[in-house]
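What follows is a set of notes on a single structure, which appears directly below.
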Amino acid sequence: MRVVYLLALAGCLASPALARDRTGFKAIEARDYAAAEKVLLNERRIFPSRPELMINLGTVYARTGRLAEAEGLYRAALDAEAVEMALPDGALATSHDVARRGLRSLAPTTLAVR
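Heads up: the sequence shown is residues -19 to -1, 1 to 95, going by mature numbering (1 follows the signal peptide of the UniProt record, and there is no 0).
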C-alpha cells in the first residue's frame, strides 16, 4: 500500500512538461517510426508483457516493411491477457481486438480482375 501511495504522489508532482509518451503513439502519429521504435523497445525491456507496447511496436514494424516481426508481435498480444485500450478516435477496444485488426492489415489483398 505504501508503494502505491508513493507512486501516486510522485505522479502528482510531475509537471505536464515532464510527462512523456511511453507507448510511442505520438511518434507513430508523427510518422517518426525510428523514434517510436526506440521508445517502444526501451519500454518493452521494462514491461515485456504489456500488449499495448506489443501492438504499437507491431504497427511500427508493419509500417516499415517488417511484416513477419509485426505478425509475431500481434500474435504475442493475442496470447497476453486482454486489456482495454483507448484508440486515437477516443473509442475503446480490447487489445485482442486491436491485435486482430493489425493481423488483418498484414494479409495480402486479393483483387478480382475481369
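Using N, Cα and C, we set each Cβ at its ideal position, and we do this for glycine too. Note that this is a predicted model, so its numbers are computed, not measured.
### Message
Comparing C-alpha positions only, which one of Ser86, Thr4, Gly53 and Ala72 sits nearest to Ile27?
### Response
On the sequence shown, residue 27 is found 46 positions in, with the first residue counted as 1. Residue nearest to Ile27 within the set Ser86, Thr4, Gly53 and Ala72 is Thr4 (criterion: CA-CA distance).
#### Entry: Cross-strand partners of Ala74 (DSSP beta bridge)
Working through the sequence shown from its first residue, we reach residue 74 at position 93. Beta-bridge pairing links Ala74 to Met66.
#### Entry: Cβ-Cβ distance between Ala43 and Ser86 below 8 Å
Within the sequence shown, residue 43 is the residue found at index 62, counting from 1. Within the sequence shown, residue 86 is the residue found at index 105, counting from 1. A Cβ-Cβ contact shorter than 8 Å links Ala43 with Ser86.
### Message
With H, G and I counted as helix, E and B as strand and the rest as coil, what does DSSP make of Phe6?
### Response
Position 25 of the sequence shown, counted from the first residue, corresponds to residue 6. Three-state result, Phe6: helix.
### Task
Name the two residues that bound the continuous alpha helix (DSSP H) containing Asp13.
For the purposes of this step, residue 13 is identified with residue 32 of the sequence shown, where counting begins at 1. Looking at the DSSP string, Asp13 is not in any alpha helix (DSSP H), and its letter there is neither H nor E.
### Task
Counting only the same chain and skipping the five closest in sequence on each side, list residues whose C-beta sits under 8 Å from that of Ala63.
As a first step, residue 63 is located in the sequence shown; it is residue number 82 there, counting from the start. The residues are Pro32, Thr75, Ser76 and His77.
### Task
Just the C-alpha distance for Gly53 and Asp2, rounded to the nearest angstrom, thanks.
Counted from its first residue, the sequence shown places residue 53 at position 72. Counted from its first residue, the sequence shown places residue 2 at position 21. Whole-angstrom Cα-Cα distance: 23 Å.
### Query
Once you ignore the five residues that flank Asn37 on each side, which residues in its own chain have a CB closer than 8 Å to its CB?
Along the sequence shown, read from residue 1 onward, the residue named residue 37 stands at position 56. Contacts found: Thr4, Gly5, Phe6, Ile9, Ala17 and Leu21.
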